[in-house]
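In case it helps, our numbering puts the sequence shown at residues 1 to 344.
For each residue, glycine too, the CB sits at the ideal point set by N, CA and C.
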Amino acid sequence: MQVDVDLKDFSYKVFIDELSQLKFNQNVAIITNQTVSGLWLKDLLSLIEAKNLNIISIPDGENYKNFDTLNFILEQLFVAKFDRKSTLIAFGGGVVSDITGFAASIFQRGIDFINIPTTLLSQIDASVGGKTGINNKFGKNLIGSFHQPKAVYCESKFLKTLPYREFVAGVAEGIKMAIMFDKNLFKFLEKSDLKTQNEISKLIKKCVEIKAKVVSLDERESNIRVVLNYGHTFGHVIENNTNYLKFLHGEAVSIGMNMANHLAFRLNLISKDELVSIEKLLIKFNLPTRYKIKDIEKFYDKFFLDKKSSNKKIKFILPNGIGKYIVKDDISKDIVLEVLREFQ
Ligand SMILES: NC(=O)c1ccc[n+]([C@@H]2O[C@H](COP(=O)([O-])OP(=O)(O)OC[C@H]3O[C@@H](n4cnc5c(N)ncnc54)[C@H](O)[C@@H]3O)[C@@H](O)[C@H]2O)c1
Ligand SMILES: [Zn+2]
């Protein structure tokens, strides 16, 4: 299966379960971490032929998506005498693809990179669309660039070793796309337990199609791409309140979606049945949907930390029925607080 990301001069393909021999006539560096390399690097190496092949292993974890690791990667490229024709391959989850893409975007003013994502979240979301970056002490993903990969290879077989909790955190992002854009995908997820590789590949394909379309329409997130942040406005506050320790990103998004849905219900955008069926689907995948808010005023204030909120207006991305979205930036504080109170 192949999906096109249509971006004029920077178009590329996402290959799903089609990874075969890759041949390069230039220097190549695979950026990965020890967890992924221990499990899958041998398999990948058997498929890659290059003039000069380097492996750069970075420490595993969101904490290492930072300047030090970026600098480490860049220095390794200079040591290996990389030039502007060289290529990087990101082999890992979203952390690896974000930092590899960013390194590729600034090494000698930009070189090519390819994504071979190994988590569900990175296969359906992070590896497609060209957002790259790192974190610093002021927040997550605040430093970065738009730099599109040359190709993406999503292999469902890599997910066999992914811990269940990481897997369903990825499913949460898939549910997000279904609620915003595709009622049939929502129905499919209601029926499927995603136990077979076939079903997982179908989910990857559907989500990549959605992401590719959204990115093709709005590469720089000036309009429709913002819809992919459904559940994130609330989710980011939950992640921040819990110091990024208690919940995986997808888990916080799951709770965030449920909170957003309560707001949508309050505004008559979704019915009670829809509200309940979405929460039921999240629970089916063992995702959390509730979080006890200690101080609703403080929670509300943190919405303004969001990159998407500007001019004192909070942008709420809400379902307008299942499969359709609406973006609202004129919801009164009182109504939002009323909804937050339901989670106290
Ligand atoms: N650029 C974007 O558009 C975009 C979109 C969404 C998220 N992101 C970023 O992605 C990151 C989160 O990505 P993630 O959820 O993939 O987390 P991650 O990269 O930290 O991976 C999660 C864990 O799974 C391990 N792992 C990876 N593949 C495995 C496999 N096949 N088997 C066993 N273990 C495996 C990793 O080593 C890690 O410990 C965040 O930094 C987020 O900001 C970026
Ligand atoms: Zn997300």
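Limits of the alpha helix (DSSP H) - the one that threonine 87 falls within: Careful: threonine 87 lies outside any alpha helix (DSSP H), inside the beta strand (DSSP E) at 87–92.
I'd like the span of the alpha helix (DSSP H) that includes lysine 13, first residue to last. Run containing lysine 13: none in the alpha helix (DSSP H); it sits in the beta strand (DSSP E), 12–16.
Cβ neighbours of glutamine 108 in the same chain (closer than 6 Å, five flanking residues each side left out)
Arg84
State yes or no: is the C-beta of alanine 178 within less than 8 Å of the C-beta of histidine 249? no
TODO: Starting from phenylalanine 24, follow the alpha helix (DSSP H) in both directions and report where the run begins and ends.
DONE: Careful: phenylalanine 24 lies outside any alpha helix (DSSP H) and carries neither H nor E.
Check your understanding: Can you tell which of Glu75, Thr35, Lys23 and Thr69 has its C-alpha closest to the C-alpha of leucine 53?
Key -> Lys23
Rounded C-alpha distance that separates glutamine 123 from glutamate 166: 12 Å
Open item on the list: Measuring only the C-alpha atoms, how far is isoleucine 278 from phenylalanine 186?
Closed with: 9 Å
- Residue from Val339, Lys246 and Phe181 whose Cα sits closest to the Cα of phenylalanine 299: Val339
| Can you check whether the CB of valine 227 is closer than 8 Å to the CB of valine 14? | no
Candidates Ser86, Gly231, Leu245 and Ile326: which alpha carbon is nearest asparagine 25's? Ser86
| Thinking C-alpha only, which one of Asp330, Ser254, Asn243 and Pro163 is nearest leucine 120? | Pro163
query = glutamate 239 by DSSP, collapsed to three states: which one?
reply = helix
Exercise. For ligand 1, any of its heavy atoms closer than 7 Å to the Cβ of glutamate 62?
Worked result: yes
Verify the contact flag: valine 253, CB atom, against every heavy atom of ligand 2, threshold strictly below 7 Å. yes
Is there at least one non-hydrogen atom of ligand 2 closer than 7 Å to the beta-carbon of glutamate 274? no
Exercise for review: Identify every run of the beta strand (DSSP E) within the region 87–146, keeping only runs that are complete inside it and at least 3 residues long; order them along the chain.
Suggested key: 87–92, 112–117, 131–136 and 139–146
Note to self: In the DSSP output, which residue or residues are listed as bridge partners for cysteine 154?
What the structure shows: Ile16
CB-CB length for glycine 174 against leucine 203, believed under 8 Å: 5 Å
Tell me tyrosine 64's beta-bridge partners as DSSP assigns them. Bridge partners of tyrosine 64: none, in fact.
Using 10 angstroms around the beta-carbon of isoleucine 73, count the other beta-carbons present and answer buried if the total reaches 16, otherwise exposed. buried
Skipping 5 residues on each side, what residues in its chain have a beta carbon closer than 7 Å to that of isoleucine 326?
-> Leu269, Leu318 and Asn320
Applying the criterion that 16 or more other CB atoms from any shown protein chain within 10 Å of the CB defines a buried residue, is asparagine 136 buried or exposed? exposed
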